[in-house]
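In the numbering used here, the protein residues as written are 1 to 286.
All C-beta atoms, glycine included, are put in the ideal place defined by N, C-alpha and C.
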DNA sequence: AGTTGCACCTGGCTGC
DNA sequence: TGCAGCCAGGTGCAAC
């Protein structure tokens, strides 16, 4: 499910429910998701107060009042819902409760439920002093909604790359948080072919190319619009209150192969790059 | 060192 | 109706 806008939508919902609250009970219903849960997972969380809920790339990061930082990743199909501990809502958000793997009962009376059918998500507890040097985070690239992200940064990151523009944009060690949907959408908005080389965005004599400046601008634009819409609900994504995001209605190429391009009328095509579907318009993306 | 391909899972859809 | 096959929003790791 989740790329940056979906994770950010979830973060906003969880932040409102969790920050300032204490974890009164934590239930872990299986030994692992994508990875085994950390040692003494429930014990280390029980009684802790959530001081902040941040996002870095596609990770949710809960700062706790104890020794650990709780890191959560939604994988492909993870979602959180907020329910009332006393009044179970069967099938809330349309999810199969078989796949409810973790619940947090909060001091406010709210219950946070993590559901993940494919179990590509995971949770980690990292001792605070080790956090910034942790392998999960030390290799993560620039935040595309951050102040430092612009055409200059993009051009510098892509200089000398031998892979395609599409593949480079998906590389989390370069830019953090883009996934298949928003890469396809940003490339269409910028009129750039996903097949051109990443290095072709690098500027001459040190400065950013016009293409790099444009691409950085539309990446920011498409992500901001998607966050404002609550993300794209193609299959699993729901906000923490169970409501659907609605950015999928604004997608111009993703999932629209064989449809006419909204900009030039050519037929939107689909190819495979690095084993993943790419949707693009050969008529206006060069 | 940088890139590519596969593996990890379940569920939903298509076509026979 | 049933079932085989394919596809899906991500990413760590082995192999080139």
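Check this for me: beta carbons of residue 144 and residue 56, under 8 Å apart or not?
Against a cut-off of 8 Å, the Cβ pair of residue 56 and residue 144 comes out as no contact.
Mind pulling the alpha helix (DSSP H) runs of 4 or more residues that sit fully within the segment 10 to 70?
Counting whole runs of 4 or more residues, the segment 10 to 70 contains the alpha helix (DSSP H) stretches 41 to 45.
According to DSSP, simplified to helix, strand and coil, what is residue 149?
Coil.
Measure how close the beta-carbons of residue 155 and residue 208 come, nearest whole angstrom, since I'm counting them as under 8 Å.
Going by Cβ atoms, the distance from residue 155 to residue 208 rounds to 4 Å, so yes, they are a contact pair.
Just to check my reading of the structure: residue 165 and residue 201 have Cβ atoms closer than 8 Å, yes? What is that Cβ distance to the nearest angstrom?
That belief holds up - the Cβ atoms of residue 165 and residue 201 are roughly 7 Å apart, short of 8 Å.
Which residues in the same chain as residue 186 place their Cβ atom closer than 6 Å to its Cβ, once the five residues preceding and following it in sequence are excluded?
Correct list, in chain order: 218, 219 and 222.
State whether the segment 263 to 271 contacts the segment 27 to 46, with contact taken as three or more CB pairs (one from each stretch) at a distance under 8 Å.
Touching, no.
Work out the CA separation of residue 170 and residue 276 for me, nearest whole Å.
Taking the straight line joining both Cα atoms gives about 11 Å.
I'd like the list of long-range same chain contacts for residue 28, defined as Cβ closer than 8 Å, with 5 residues on each side in sequence excluded.
Around residue 28: 37, 41, 42, 101 and 102.
Going along the chain, which unbroken runs of the alpha helix (DSSP H) with 4 or more residues stay wholly within the segment 182 to 235?
The segment 182 to 235 contains these whole alpha helix (DSSP H) runs: 210 to 228.
Could you check how far apart the C-beta atoms of residue 237 and residue 79 are, in whole angstroms? I think they sit under 8 Å.
Residue 237 to residue 79, Cβ: 7 Å. Contact.
With distances taken Cα to Cα, identify the nearest neighbour of residue 98 among 118, 10, 197 and 105.
Among 118, 10, 197 and 105, the Cα nearest to that of residue 98 belongs to 118.
For residue 262, which residues in the same chain have their Cβ closer than 7 Å to its Cβ, ignoring the five residues on either side in sequence?
Around residue 262: 252.
Just verifying my parser: in three-state terms, what is the DSSP assignment at residue 133?
If DSSP states are grouped into helix, strand and coil, residue 133 belongs with coil.
Short check: CB of residue 288 to CB of residue 18, under 8 Å?
Any question about residue 288 goes unanswered here, given that the chain covers just 1 to 286.
With a CB to CB cut of under 6 Å and the five nearest residues on each side skipped, what residues in its chain are close to residue 203?
Excluding positions up to five away in sequence, the list reads 155 and 209.
Quick check: the Cα distance between residue 92 and residue 6, rounded to an integer number of angstroms?
Its pLDDT being 48, under 50, residue 92 is placed unreliably by the model, and the measurement read from it follows with that caveat. Taking the straight line from one Cα to the other gives about 18 Å.
Going by DSSP, what residue range makes up the beta strand (DSSP E) through residue 110?
First-last of the beta strand (DSSP E) with residue 110: 110 to 115.
Are residue 192 and residue 211 touching if we call contact CB-CB under 8 Å?
Cβ atoms of residue 192 and residue 211: closer than 8 Å.
State the DSSP-derived secondary structure class of residue 7, mapped to helix, strand or coil.
DSSP places residue 7 in helix when its eight states are reduced to three.
Between the C-alpha atoms of residue 289 and residue 108, what's the straight-line distance to the nearest angstrom?
The question about residue 289 has no answer here: the residues shown for the chain are numbered 1 through 286.
Indicate whether residue 3 and residue 151 have their beta-carbon atoms separated by less than 8 Å.
Contact flag unset, no.
What do you get for residue 226, buried or exposed, if any count of 16 or more other CB atoms within 10 angstroms of its CB means buried?
Residue 226 should be labelled buried.
So is residue 264 buried or exposed if we call it buried at 16+ other beta carbons inside 10 Å?
Exposed: under 16 other Cβ atoms inside 10 Å.
Just to confirm the assignment, what range does the beta strand (DSSP E) spanning residue 278 have?
Start and end: 276 to 281.
Assign residue 116 to one of two classes, buried (16 or more other C-beta atoms within 10 Å of its C-beta) or exposed (fewer than that).
With 16 or more other Cβ atoms within 10 Å, it is buried.
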